[in-house]
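Residue numbers (the working numbering), protein chains in the order written: chain H, 5 to 300; chain Z, 134 to 449; chain L, 5 to 345.
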């Protein structure tokens, strides 16, 4: 605890002003979170998209002569796996699948869930009741278990992973959006819009949506992290991407068998997941701070 | 007490939800593209065997009759027949319940032990070293896949330090505690991120409440104020979050069991998927869902017990 | 009749370090409270009256507060309370200094019973058995006029009305028999009839126990009813102070006069006159007299030079004004204090 007690009015003013300036600085520091997150995400996206430029190896090229090379070996920055495949190449190409899930799965569920929640909240009545019962029903299932069950039925594979996530993930967005819409309906601006005779769709999408979007957008950041981990988990369990396609989860699963002799096989892909996950988290935190500051 | 006046309605709601769960689980099997018997039998497909499977699964009946059969069996505790184990699915599933339940409770307790003190301390000294360190640590652990964290923990504690076993359930209560420590810790850390954040926010909010000023004004010690007013109120605010996330993390046990080779429901689920043992997949999914519904109910009851405002019409 | 000095505040400055700048919430306030005396602090919201009280009690957030000056509580020796260690303040709070807050709904812990919170207050400075503590708590509830006190002990705050809650808060504040009670707008969030009851209760308790009181309000009518002396604050400073008769009957500062003009009073239907404009920023404090932008009598000098508090009566009566034109502007008796009630 710092002393807040000063001996003279002028000393007092000086101390207080210094503290005040300090507070302004720490506010600025928070913008950095957002920038850092965006930068990290950009790095990840670029690295994975430009993979062919960054490494001359194919992620599936086998080299029986050079198996299980540790990181920092000549020609193999991150080492090789049990088939001699370059780990860096596999991480860069593998990232494409995980990033695709992060964006592809999240954006569809974001849009779908938002629309459903908006409709439910705005229309109300039986439509609302029905949709929310449906949402509650989905929430009764542990998320991963339901996805596994769906993938089990449809058959493993990347596309079925997408489908499973699309089928289940929209509920979180619907719930958030519906709660927001119900509150928004009673606000002045909505009442005014309706009084002016604007149609339902217009009020929903051009008035309510812009004001309630922040909540779902923030959640989508959290969801993106979740989806990446989900994709990796499914890959880990053998239900997502299938061998020999590189994907961070499958790499970790394979690597687990070599934990004693080649620790890097399981560890490095995980670091990649953490990197992208932290990027999304920072973006989410930064956005949250930005929105809070804007409200003041 | 009208505090629990909501309970009857809630129980009714629970029944409806369970009913809905059975519907969803039932329809899971309908997702299989093509012929389930073909998928199950694979290369050992013969017409006779296929017909037998169709009859067991009830696929030779109209759909509403199938559901009737499904529900009828369910109410008798029959979750179907496991093709892989060649046993009633119920028996197979029950044999795998213990490790999972132990793990869930263990993780829940560990998570509370870890996150409550940390979250509270972080909220007390905002922007202090502990707060920053906690925030960084948990941002990282939130982005970590549970299974990866588990592997890292194994690497450090089991392989290099030989402090804990790599896998297995252990024998006896003490053995369980010992063997399950790392997997429970893995789950607890994932769970703790949200808990710490919530408790921190709740602590900060409680600290700014005017009733804390009133308490200080009385002249009682700061420690007492913290314990009786700040901590108590902050924890209350977090109970709902705790319950919701616990339910969410049940899914996490699936992966962790796999990493640590625990003979629990999660492992059973994953194995059944690759074994194409659909009835077992169905049964485990159902069981998990019911578990979550129960946890949600317990959370609501817990909150009603601890918070006198529940169920009251509070307004001006 | 007021006795010896109980609390002396000398040149108190409470500055808040925010990210928008330094808020000079209290900027050089001095006042004295004597034994068995009721002092009223009046002013618009944001003038610093609440911060003054909270600084006295040590209830300001330490992360943002920077303060200087002296807060001398005389029975405690001549030690400065400002900057005193927590333990010292803890010993004084409740048993010597107590405070009640504006909104009784938020001033009590919503998840603990009134009885619990009252017993907590009663046992803060006294060693009592649980039974004794309960008995004393019930007695306190009775004294503040809460019917069926024994049963009410088991109730939660949300089961009380605003007026009852404020009574309970008063009971809590008086639990350890303090010698000085700071009441921060105790009636503002209550309706008019309850307001009168609560004020009456406070006056009664003050007479009975002989404790001193600082009553803070934005409403002159409230303050004039039971206060012996009045301190008028504006923009973090004291602009006028004196006995109630002096301040209400012969207000010398334009702000005080404007406040009085704004109070609906007596018979006759005049216009309700509010004060035009709004208080100045406490971050970028303007030069000169802080009231000058809104003062109908402001001259060029008023906007350039800041005035000190000037003694307007002989020593002892303690009448002071922060306006160099007080002699010309000081009005003759316009109202009596009881006109306002």
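Quick reminder that beta carbons are idealized off the backbone N, C-alpha and C, glycines included.
8 Å Cβ cutoff, residue i in contact with chain L
| i | result |
| --- | --- |
| residue 215 of chain Z | no |
| residue 283 of chain H | no |
| residue 434 of chain Z | no |
| residue 19 of chain H | yes |
| residue 295 of chain H | no |
| residue 347 of chain Z | yes |
| residue 28 of chain H | yes |
| residue 309 of chain Z | no |
| residue 343 of chain Z | yes |
| residue 12 of chain H | yes |
| residue 23 of chain H | yes |
| residue 354 of chain Z | yes |
Residue i and residue j closer than 8 Å at C-beta
| i | j | result |
| --- | --- | --- |
| residue 311 of chain L | residue 299 of chain L | no |
| residue 184 of chain L | residue 286 of chain L | no |
| residue 222 of chain H | residue 109 of chain H | no |
| residue 121 of chain L | residue 176 of chain L | yes |
| residue 343 of chain Z | residue 162 of chain L | no |
| residue 319 of chain Z | residue 282 of chain Z | yes |
| residue 221 of chain L | residue 46 of chain L | yes |
| residue 233 of chain Z | residue 214 of chain Z | no |
| residue 264 of chain H | residue 148 of chain Z | no |
| residue 369 of chain Z | residue 439 of chain Z | yes |
| residue 99 of chain H | residue 91 of chain H | no |
| residue 272 of chain H | residue 262 of chain H | no |
| residue 237 of chain L | residue 62 of chain L | no |
| residue 369 of chain L | residue 23 of chain L | Only positions 5 to 345 of chain L appear in the structure, and residue 369 of chain L is not among them; the question remains open. |
| residue 56 of chain L | residue 10 of chain L | no |
| residue 180 of chain L | residue 98 of chain L | yes |
| residue 172 of chain L | residue 150 of chain L | yes |
Any C-beta of chain Z under 8 Å from that of residue i
| i | result |
| --- | --- |
| residue 7 of chain H | Interpretation of residue 7 of chain H is limited by its pLDDT of 48, a score under 50 that renders its predicted location unreliable; the figure taken from the coordinates is listed afterwards. Chain Z, which has no Cβ nearer than 8 Å to the Cβ of residue 7 of chain H, makes this no. |
| residue 140 of chain H | yes |
| residue 147 of chain H | yes |
| residue 176 of chain L | yes |
| residue 242 of chain H | yes |
| residue 80 of chain L | no |
| residue 265 of chain H | no |
Min CB distance residue i to chain H below 8 Å
| i | result |
| --- | --- |
| residue 77 of chain L | no |
| residue 72 of chain L | yes |
| residue 13 of chain L | no |
| residue 280 of chain Z | yes |
| residue 17 of chain L | yes |
| residue 23 of chain L | yes |
Chain-ordered chain B contacts of residue i [CB-CB under 8 Å]
| i | result |
| --- | --- |
| residue 442 of chain Z | Of the protein chains in this structure, namely H, Z and L, none is chain B. |
Presumed contact (8 Å Cβ cut-off) between residue i and residue j, rounded CB distance
| i | j | result |
| --- | --- | --- |
| residue 122 of chain H | residue 213 of chain H | 6 Å |
| residue 230 of chain Z | residue 386 of chain Z | The pair is not a contact, with the Cβ atoms about 12 Å apart (cut-off 8 Å). |
| residue 331 of chain L | residue 246 of chain L | That belief does not hold up - the Cβ atoms of residue 331 of chain L and residue 246 of chain L are roughly 15 Å apart, past 8 Å. |
| residue 232 of chain L | residue 213 of chain L | That pair is no contact at about 16 Å. |
| residue 186 of chain Z | residue 173 of chain Z | 6 Å |
| residue 347 of chain L | residue 217 of chain L | Nothing can be reported for residue 347 of chain L: it is not among the residues displayed for chain L, which extend from 5 to 345. |
| residue 114 of chain L | residue 160 of chain L | 7 Å |
*Where are the alpha helix (DSSP H) runs, 4 residues long or more, that stay fully inside the stretch 196-263 of chain L, in chain order?*
196-213, 224-230
*alpha helix (DSSP H) runs contained entirely in the stretch 216-264 of chain Z, provided each spans 4 or more residues*: 222-228, 230-257
_Inter-stretch contact (C-beta, 8 Å, three-pair minimum) for the stretch 275-283 of chain Z and the stretch 231-239 of chain H_ = yes
*Is the stretch 323-341 of chain Z touching the stretch 373-390 of chain Z, taking contact as three or more C-beta pairs under 8 Å?*
Touching, yes, given that three or more Cβ pairs across the two stretches are closer than 8 Å.
*Cβ pair count under 8 Å reaching 3, the stretch 191-205 of chain L against the stretch 132-140 of chain L*: no
*Could you say if the stretch 155-168 of chain H and the stretch 94-114 of chain H meet the contact criterion of at least three C-beta pairs nearer than 8 Å?*
yes
*Starting from the N-terminal side, write out each stretch of the beta strand (DSSP E) that is 3 residues or longer and does not extend beyond the stretch 359-443 of chain Z.*
none
*asked:* Three or more C-beta pairs under 8 Å: does that hold for the stretch 129-136 of chain H against the stretch 240-255 of chain H?
replied: no
*Can you find at least 3 beta carbon pairs, one from the stretch 408-417 of chain Z and one from the stretch 19-33 of chain L, that sit closer than 8 Å?*
no
*Does the pairing of the stretch 241-257 of chain Z with the stretch 328-340 of chain Z give three or more beta-carbon distances under 8 Å?*
The stretch 241-257 of chain Z vs the stretch 328-340 of chain Z: in contact.
*For the stretch 38-47 of chain H and the stretch 279-296 of chain H, state whether three or more C-beta atom pairs, one from each stretch, are separated by less than 8 Å.*
yes
_Cβ contact check for the stretch 137-157 of chain H and the stretch 189-204 of chain H: 3 or more pairs under 8 Å_ = no
*Indicate whether the contact test is met: 3 or more Cβ pairs, each with one atom in the stretch 22-36 of chain H and one in the stretch 57-76 of chain H, closer than 8 Å.*
no
_To test your reading of the DSSP string, which unbroken alpha helix (DSSP H) runs of 4 or more residues are found completely within the stretch 139-207 of chain L?_
Taking only runs of at least 4 residues, the alpha helix (DSSP H) segments lying wholly in the stretch 139-207 of chain L are 153-156, 166-178.
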